[in-house]
Amino acid sequence: MIHFVLLISRQGKVRLTKWYSTYSQKERTKVIRELSGVILTRGPKLCNFVEWRGLKVVYKRYASLYFCMCIDPDGNELEILEIIHHYVEVLDRYFGSVIELTSLIICRKAYYILDEILISGELQEPGKRTIVRAVAAQDSLVETVKEQTGSISTIIAQASK
Amino acid sequence: MGSQGGFYQSKEFLDLVKSIGEARSKAEEDRIVLGEIETLKRRISDPDIPKRKMKEYIIRLVYVEMLGHDASFGYIHAVKMTHDDSLLVKRTGYLAVTLFLNEDHDLIILIVNTIQKDLKSDNYLVVCTALNAVCKLINEETIPALLPLVVDLLAHPKEAVRKKAIMALHRFYQKSPSSVSHLVSNFRKRLCDNDPGVMGATLCPLFELITIDVNSYKDLVMSFVSILKQVTERRLPKAYDYHQMPAPFIQIKLLKILALLGSGDKQASENMYTVVGDIFRKCDSSSNIGNAVLYECICCVSSIYPNPKLLESAADAISRFLKSDSHNLKYMGIDALGRLIKISPEIAEQHQLAVIDCLEDPDDTLKRKTFELLYKMTKSTNVEVIVDRMIDYMISINDNHYKTEIASRCVELAEQFAPSNQWFIQTMNKVFAHAGDLVNTKVAHNLMRLIAEGFGEEDDTADSQLRSSAVESYLHILGEPKLPSVFLQVICWVLGEYGTADGRYSASYITGKLCDVAEAYSDDETVKAYAVTALMKIYAIEIAAGRKVDMLPECQALMEEFLASHSTDLQQRAYELQAVIGLDAHAVESIMPSDASCEDIEVDKALSFLNGYIQDSIEKGAQPYIPESERSGMLNISNFRNQDHHEASSHGLRFEAYELPKQTVQSRIPPASLASTELVPVSEPMYVRESYQTTIVPSASSDAGSTELKLRLDGVQKKWGRQTHSPATSTSSSTSQKTVNGITQVDGSNTSNSRTRETYDSRKQHVEVTPEKQKLAASLFGGSSKSEKKPATGHKIPKPSSHVVEKSHARKSSMEIASEKKASFQQPPDLLDFGEPTVKSAAPSVDPFKELEGLLEPTTQVASDENHGSTAAAATKSPDIMGLYTETHAGTYDKDDSDILSGLSNPPVTNMFGGTTSMQVAQSSKGPNLKDALEKDALVRQMGVTPTSPNPNLFKDLFG
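Sequence order for the protein chains is A and B.
Take the first sequence: its letters are residues 1 to 161, numbered as in our numbering.
Take the second sequence: its letters are residues 1001 to 1960, numbered as in our numbering.
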């Protein structure tokens, strides 16, 4: 199981966090501080895994962003590495270019996509196309809902007032 | 969908993000965020903000919280957003809520209702969003409110919903297994779902269920195998391909499940061989995901019932990992090696240099993994090198978590394999000196016990040597400044017990040292307490030996200080010391016998030695003792509490009406016994009589029937309840149970300990490389292969049980001994360094020859003949223990051999081997030597020596 997902910039700025296990706000800050200290200082050719407090953290750098996932000690690290890559590919397909992400990553879409890939710390959907389709469906529906609220429902609401 | 469509961020927000991105220091960032919090606090409480603005504020809150600041003032607004009708707003609300709240947050109760409503929505996207929130937010108390809705969704027409519903159920199961245990069959049903995504999601909960209870899912082996087969044959839609691999994530999950199902189950494993073999063949080892699947295959192969061909493929894959330039693959290779080594110890030999490279790699992660591997292969011949390396590394790191772990490993290895007492004590000293405050106090107690009990050999001189070398080294170490508290405790204890035992040091010298310790560490109460007790022991020994005791002046000063200490514990110890010093030799000897720390103290709970005295008193007319439970009329607060507690725990609220009483007298007792029916049926005649006497008076005056009931409701009933309650009997029974539990637990830990111990074994033969590495390799892997075999095994075999049992912190009570016997029954394989889980699972009654035949199927007839011959010879030649031993383990050895044989004599199989160059060398040079080597092997076995891995001599001969 994945305990949390972290996206940290090369400067140690947090871009996205998602906690699947329970951590208090204080612990979260501590975890981020500790891990960014460990991960950002590692050389480029070392392995992408870090043993940390009896758990394992798998990280990978894309452009100036570090994607980190923390897993149980008996997990398959290479698989997690691929889940990260999977996520990046989906983000890439959705946004166009990952480099752009550094500024955009904080937006909700990154979370929505992550929610489609992982649920309660497990990989739920390995099909890239399915994910993009799901997110797109949500978007288009949101659009239509918005149009409706713009037209019918507001009229009704106003009328009923 | 255009990339710009989804987010509407105001300039303000983008500026914020930008300024934080550009902030140079943490302080600057904090300042910006605090400003932002102020703005948000002000604006968000504004009653009529447009929804769109509100949405942005919530996202900004998420951002603020992500940066590590408190955004709890806005949580309630996020919760409010989930109630919104518009999906767009609702989603943002749910997203924020899942990011903000933990499952035990108070606000969750406000969301449950909304989630209920949304789960019933006819828009599947709303349902999906709600299910996402369910997975994160629902806790044990709120599960019942949503469970039926989620179960209904399992049959939803949209696969996305079914998938999430499965995951939600899985989450429920994790939170509270009992609440969904009746729904487990749903997971099985969903395994056959048409949509591969749903099927894949089902594997997560099934994996967890199977981990807990393997046996009830054995029937699914064939289904899993056939699914895996279909996946590898690319029968799934193309959309599930990932980097040209067919659904690798599903493959990995399935392999994990198969590993669990096939563990120790030959029949189930046989079904898996083909498909796992196929994956090995088809896997593309050039891509990362291919390697991920390969690694999972290795894990699977090392977990299921071993199959020589698969083991070969696994070894092959491992050597590819280790030879790779990528650190990731090396890491995985080391990990996989650690798994496979349990089954076929010989594979480590080809990789010894790779392992040493990893050990010296600058990458910490890789280093640690390698230490883990070494820990698994430690045996008595290489323990010194390995533990020394571990300690060096331990000293060099700062990470307390890992330091603790590696320290306890060092201790464990030292306890198990220590070649000499000297070395053992020195190693322990090093560990304690550098990581003393990190190691578990249990370790310290183990060390004391070990010094007290010795290594279990019935050899008193060795034990006393151990003790005196301990005393000597401790006296030496005491000179160093700043020792960890735990270590000082050990030192004090040992000095107290054995400081003067060998006569080398005088009592005044030792007491002087102890006083120094107590003074130097005056802020550590525990150490001082240990020191005082040690002093007391030394004086007691002196007095018992008839020598005159004169306290050193500094010691006296110390005692005076302690007599007035704020710590009652210290005070008591000091007073005890004073009292002991005043006693005569005989009394001292009986209260503090020397070197009796391991003796059992028998506690006579019944106090039977007082029987005579009691008899006398009764004859003189004293009242006999009435147990508390049978006394009446006195209310006891603690009993009250007991009663309340029991009622609450056993009954909760009672809904059934009281029985109407028939007779006044009888009615007195039933209410009480109603209250605690199953607990205590005390029916002592005396008690009944007494209660009659006390109660008849009120009952005569009170009316019968309804008033009776009322009376019971207030207070009176409790009085009655208490009496029947008999706390004495109930507590005694519960304590006895506890001890039983304790013992079984101890037993369990013993066996589990030994289980982890069982595998430290492997050996390597070396190829030529740089001299330093060669040396290290030799000391780690093979250097002492010849000398190791004979003394080590020969020494150990004759008395396996006593040896191990002594070590495994034996405690003595009759029950314990029984359990130990049980444990020692399972021990022999551990002792003999057998890392073969199958040996464990296959009962000893299994015919070794049958097993042999099964294993030898793929090999040539000649090979099997030879093997038969050798085992048979060994079995007949060696009597009892040896015979037993060979019988149980013959299968394994021969399998190892047959591996080699099949590799050597079977051309197609040899190709499988091809990947490793070293093996190719072996093949080219093997020709004439092979037979010789095998004969030698057989000969060695006939002599009754049992190599722990396929005979190293054999390897030497093969390698030339």
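Cβ atoms here follow ideal geometry from the backbone N, Cα and C, with glycine treated the same way.
Cβ-Cβ separation between Lys1528(B) and Leu1570(B): approximately 6 Å, consistent with a contact (criterion under 8 Å). Closer than 9 Å at the C-beta level to chain A, one finds these residues of the segment 1394 to 1409 of chain B: Asp1399, His1401, Tyr1402, Glu1405. The beta carbon of Met1199(B) lies closer than 8 Å to those of Arg1190, Leu1191, Cys1192, Asp1193, Ile1227, Ile1250 in the same chain, with the five residues before and after it left out. Around Asn1132(B), the beta-carbon contacts reaching into chain A at under 8 Å are Asp115, Ile119. Glu27(A) is outside the set of residues whose beta carbon lies under 8 Å from a beta carbon in chain B. Apart from sequence neighbours up to five positions away, the residues of its chain that approach Val1064(B) with a beta-carbon distance below 8 Å are Val1033, Glu1036, Ile1037, Leu1040, Ala1071, ordered along the chain.
Under the 10 Å beta carbon count, Asp1463(B) is surrounded by 16 or more other beta carbons and is classified as buried. Residue-level contact by beta carbon holds for Ile32(A) and chain B, with a gap shorter than 8 Å. In its chain, beyond the 5 residues on either side, Ile1391 have a beta carbon closer than 6 Å to the beta carbon of Lys1430(B). Contacts between Lys1164(B) and chain A, judged by CB atoms closer than 8 Å, involve Ile119, Gln124 in chain order.
Pairwise C-beta distances place the segment 1285 to 1305 of chain B out of contact with the segment 36 to 45 of chain A, as fewer than three of them are shorter than 8 Å.
For Glu1296(B), the chain A residues whose C-beta falls within less than 7 Å of its own C-beta are Asn76, listed in chain order.
In this structure the segment 1158 to 1177 of chain B does not touch the segment 1216 to 1234 of chain B; the number of beta carbon pairs closer than 8 Å is below three. Any Cβ of chain A closer than 8 Å to the Cβ of Glu1103(B) would place that residue at the interface, and such an atom is present. Interface with chain B (8 Å Cβ-Cβ cutoff): Arg129(A) is included. Closest by C-alpha distance to Tyr1393(B), out of Glu1480(B), Glu1384(B), Ile1406(B), Thr1381(B), is Ile1406(B).
Residue pairing for Tyr59(A): DSSP places it in a beta bridge opposite Cys68(A). Relative to Thr1129(B), the option among Asn1139(B), His1083(B), Ala1317(B) whose CA is nearest is His1083(B).
Burial is judged here by how many other beta carbons sit within 10 angstroms of a residue's own beta carbon; Thr1500(B) has at least 16 and is buried.
Among the CB atoms of chain A, none fall inside 8 Å of the CB of Gly1496(B). Residue environment: Ala1414(B) is assigned as buried (16 or more neighbouring CB atoms within 10 Å of its CB, all protein chains considered).
Counting along the chain, His3(A) sits inside the beta strand (DSSP E) bounded by residues 2 to 9. In this structure Ile1491(B) is in contact with Tyr1474(B), their Cβ atoms being roughly 5 Å apart against a cut-off of 8 Å. Under the DSSP assignment, Glu51(A) falls in the beta strand (DSSP E) whose first and last residues are 49 to 52. Per DSSP, reduced to three states, the secondary structure at Met1245(B) is strand. According to the DSSP assignment, Val14(A) belongs to the beta strand (DSSP E) that extends over 14 to 19.
In the three-state DSSP reduction, Ile1304(B) falls in the strand class (E or B). As DSSP reads the structure, Ile119(A) sits in a beta bridge with Glu122(A). The beta carbon of Val1184(B) sits closer than 7 Å to those of Leu1209, all from its chain and outside the five residues before and after it, given in chain order.
For the segment 1021 to 1037 of chain B, the residues whose beta carbon sits under 7 Å from a beta carbon of chain A are, in order, Gly1021. DSSP places Ser1380(B) outside both helix and strand once states are collapsed to three, so it counts as coil. Around the beta-carbon of Met1536(B), 16 or more other beta-carbon atoms lie within 10 Å, marking it buried. Distances from the alpha-carbon of Gly1546(B) to those of Asp1516(B), Leu1359(B), Gly1512(B), Ile1581(B) put Ile1581(B) closest. Taking C-beta atoms under 8 Å as the contact rule, Ile32(A) and Gly1068(B) qualify, at a distance of about 7 Å.
Under DSSP, the beta-bridge partners assigned to Ser1263(B) are Ile1304(B).
Pairing Leu1149(B) with Leu1780(B), the inter-Cα distance amounts to about 60 Å.
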